[in-house]
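First up is the structure itself, then whatever we jot down about it.
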Amino acid sequence: MTGSVEDLNRAVNKAVNSTSQDVPNRADWLSNLGISLGIRFERTGSMDDLNRAIDVTEMAVNSARQDHPDWARWLNNLGNWLDKRSNRTGSIDDLNRGIGATEIAVNFVPEDHPIELVG
Numbered sequence: 033m034t035g036s037v038e039d040l041n042r043a044v045n046k047a048v049n050s051t052s053q054d055v056p057n058r059a060d061w062l063s064n065l066g067i068s069l070g071i072r073f074e075r076t077g078s079m080d081d082l083n084r085a086i087d088v089t090e091m092a093v094n095s096a097r098q099d100h101p102d103w104a105r106w107l108n109n110l111g112n113w114l115d116k117r118s119n120r121t122g123s124i125d126d127l128n129r130g131i132g133a134t135e136i137a138v139n140f141v142p143e144d145h146p147i148e149l150v151g
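Mapping of the sequence shown onto our numbering: position 68 corresponds to residue 100, and the numbering continues sequentially without gaps.
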């Protein structure tokens, strides 16, 4: 991959086609799709991509158990996407939801865990 918009479009389309209800590790795939959509939003400014990134990341969070090793990271990603949308639209609701998601994510990570909550 070269980092081009075309590569991102192919990655997003591949992820979309791979996220049916019966796919093992569906939450992982949804999270990856959210990341790809978020990257494409950052490159193109497409609010449709950002909205979809939020939707599919929220689906990943809601479809996995809270004891899943990546659950807090996914929730943190959701908080980051909501923050980006709030920055773009001025939505206080998105800002509050983003802060809430990130606070929950931080509280789920044990203090001695090496995970980095970076989005």
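Don't be surprised by glycine CBs; every beta carbon is placed ideally from N, CA and C.
Whole angstroms is fine: what's the gap from residue i's alpha carbon to residue j's?
i	j	result
Asn94	Leu110	11 Å
Pro142	Asp99	12 Å
Ile86	Lys116	10 Å
Ala92	Ser63	6 Å
Ser118	Asp80	14 Å
Asn112	Asp125	14 Å
Thr121	Arg129	14 Å
Ala43	Asp102	21 Å
Ala133	Trp106	10 Å
If we count the other Cβ atoms within 10 Å of its Cβ and call it buried at 16 or more, is residue i buried or exposed?
i	result
Glu90	buried
Asn41	exposed
Val138	exposed
Asn108	buried
Asn75	It is worth fixing the name first, because residue 75 is Arg in this sequence and not Asn. Answer is exposed; the Cβ neighbour count stays below 16.
In three-state terms, what does DSSP make of residue i?
i	result
Asn57	coil
Glu143	coil
Arg72	helix
Ser63	helix
Gly111	helix
Ser118	helix
Return the Cβ separation of residue i and residue j in integer angstroms, given the expectation that the two are a contact with Cβ distance under 8 Å.
i	j	result
Arg84	Leu69	5 Å
Val88	Leu65	5 Å
Ala104	Phe140	4 Å
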